[in-house]
Every structure is written in C-alpha cells, then in structure tokens.
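A short write-up of the structure that comes next.
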Amino acid sequence: MASSGLFLISFLIVHASVNALIFCNDKGKTFTVGAHFMATNPIIRTIEIILIFGFIIHIIQGLILWKKNKKARSVQYFYKDNTPGVTWYSKSMTLLGTLILLFYGSCLYRY
1 MASSGLFLIS FLIVHASVNA LIFCNDKGKT FTVGAHFMAT NPIIRTIEII
51 LIFGFIIHII QGLILWKKNK KARSVQYFYK DNTPGVTWYS KSMTLLGTLI
101 LLFYGSCLYR Y
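Written as structure tokens, this is what we have:
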C-alpha cells in the first residue's frame, strides 16, 4: 500500500510542478509549453492510464488491510481523543484521503 501511495504522490508532485510554472514571469508561456508537453506526450498519456490502475490498486489494498485489521481484533480499540504525541495528520487521514480523491477525480474527469 505504501508503494502505490508513493506512486500516487509522485503524480501530485509532477502535477503541482507543472502548475507552478504559471508563476514564471513570462506571461504564461512556460506554463503553456509545459501543459502542451503533458497533454501531447505519448509517454505521459500512457502513465495516466497506469495512474488509474494504481489508484484502483491503492483503494483495493486499503480495503484489504482494513478488513485484515478488523478481523485480527474483533473487539474495538478504546479511543481517547486527547492522545499526546499523535499528530493531526494521523487523526485525519480519512479526510485528507477524501480531498486527494476529489482532486484526482476532478483531474481525471477534465483531462
């Protein structure tokens, strides 16, 4: 699951990098060149298809891991809201994952 997650994060990094080209001070010329390259390069288009499968694999792996963890411990854990040393990011993975899912969905839908 970690490797598929890293693969998906690499997409976010590349996507954000190309989008950051808009901040070059050349009236959007660099961004246009980068966007055209990403839209017309056959290697990038192939990786987009692989990205969809990577996304599906990541979801399936997450569901399998959730099911295994639930089966391994039939009694639910005791949850304490004010656990020291636990970061907000750890507590909100579901929220952050949903936001990333919406981002991926909007990108794949538009392009």
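In full-length UniProt numbering, the protein residues as written are 1 to 111.
We put the beta carbon where it would ideally sit given N, CA and C, even for glycine.
The structure displayed is predicted, hence computed values, not measured ones.
Cα-Cα separation between residue i and residue j, rounded to whole angstroms
i	j	result
SER74	TRP66	12 Å
ILE22	THR30	7 Å
LYS27	VAL14	21 Å
SER106	ALA72	36 Å
ILE59	GLY97	10 Å
VAL33	ILE43	16 Å
For residue i, the first and last residue of its enclosing alpha helix (DSSP H)
i	result
LEU102	93-110
PHE11	2-20
Does the count of Cβ pairs from the stretch 43-62 and the stretch 4-11 closer than 8 Å reach three? With the rule of 3 Cβ pairs closer than 8 Å, the stretch 43-62 counts as touching the stretch 4-11.
Can you give, in chain order, each stretch of the alpha helix (DSSP H) that sits fully within the stretch 37-76 and has at least 4 residues? 42-72
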